[in-house]
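Notes to accompany the following structure.
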Amino acid sequence: MTQEHSTKWWAVFICIAFIEAVLLSLLISRQPTPLLFVAIIAIAFLLFLIPQLDEVISLTFDRGKLDSKITSIGKKVATTKSRTDKLVLLSMSKAMYEHLKKFSAGNFGPYEMSDVLERELYHLKDTGYIEVGRVRDIPYQANNLSDYVKITDYGKQFIELRKSIEEENKG
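Start counting the sequence shown at 68; every next residue gets the next number (my numbering).
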């Protein structure tokens with residue numbers, strides 16, 4: 068704000084303070100009325116707001132700067148979302164994700180326990196995406212691994228999140 072505006076606001080502030088003092092002296096010297104109370108409260112409220120008026124006025128005149136700042140923040144949010152989406156996609160291999168989807172369907176199908184499958188099961192269990200008693204207690208070979216492994220709510224949420232990210236990236 069310019070010096071001229073600042074001087075004007077101080078003049079207004081002093082006038083309102085003087086009116087407040089007159090109203091307070093009227094309150095003390097004679098019978099108080101509800102209208103007098105309302106006037107005193109209104110003036111006190113104005114005294115509180117006057118110091119902030121410069122900021123309100125500068126905000127309305129600097130709308131272009133505000134729009135620029137909002138655009139800048141929007142770009143930062145978009146960049147953060149992109150990085151977060153990438154992090155979700157890279158947090159699990161495609162093969163492990165496909166296994167998790169099979170558990171979600173409830174029909175993993177026939178399997179043979181390999182070192183890779185065992186490591187995946189431990190990882191999915193440790194991250195809370197599947198429930199399984201002990202991975203070592205699972206038979207080496209059977210018709211359906213889903214008989215021994217169940218997906219958790221977190222696992223289902225991960226699948227939904229990854230699906231939505233993959234769909235957004237395609238479109």
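Just so it is clear, CB atoms sit at the ideal spot from N, CA and C, and this is done for glycine as well.
### Query
When you compare each of 217, 95, 96, 149 to residue 169 by their alpha carbons, which one comes out closest?
Among 217, 95, 96, 149, the Cα nearest to that of residue 169 is on 217.
### Message
Could you check whether residue 225 and residue 196 sit closer than 7 angstroms to each other, using their CB atoms as the reference points?
### Response
Taking 7 angstroms as the Cβ cut-off, residue 196 and residue 225 qualify as a contacting pair.
### Task
May I ask you to verify whether the stretch 176 to 189 touches the stretch 138 to 154, counting CB pairs closer than 8 angstroms and requiring at least 3?
Verdict: no, contact absent.
### Task
Given a cut-off of 7 angstroms, decide if residue 211 and residue 175 are closer than it, judged by their beta-carbon atoms.
Yes.
### Message
Using only the alpha-carbon positions, how far apart do residue 205 and residue 213 sit?
### Response
Approximately 11 angstroms between the Cα atoms of the pair.
### Query
Which whole-angstrom value is the C-beta distance of residue 223 and residue 158, which I expect to be below 8 angstroms?
Actually they are not in contact, since the Cβ atoms of residue 223 and residue 158 sit about 16 angstroms apart, beyond 8 angstroms.
### Query
Curious, which full-length alpha helix (DSSP H) runs of at least 4 residues does the stretch 137 to 213 contain?
Given a length threshold of 4 residues, each whole run of the alpha helix (DSSP H) inside the stretch 137 to 213 is given here in chain order: 161 to 172, 182 to 193.
### Task
Have a look at residue 109 and residue 97 and give me their C-alpha separation to the nearest angstrom.
Spanning the two alpha carbons is a distance of roughly 20 angstroms.
### Message
Nearest by alpha-carbon distance to residue 180: which of 193, 203, 164 is it?
### Response
Out of 193, 203, 164, 203 has the C-alpha closest to the C-alpha of residue 180.
### Query
Is the distance from the Cβ of residue 83 to the Cβ of residue 113 below 7 angstroms?
Cβ distance < 7 angstroms, so residue 83 and residue 113 count as in contact.
### Task
State the Cα-Cα distance for the pair residue 90 and residue 136, rounded to the nearest angstrom.
So the two alpha carbons sit approximately 44 angstroms from each other.
### Query
Are the CB atoms of residue 192 and residue 183 nearer to each other than 7 angstroms?
Contact flag unset, no.
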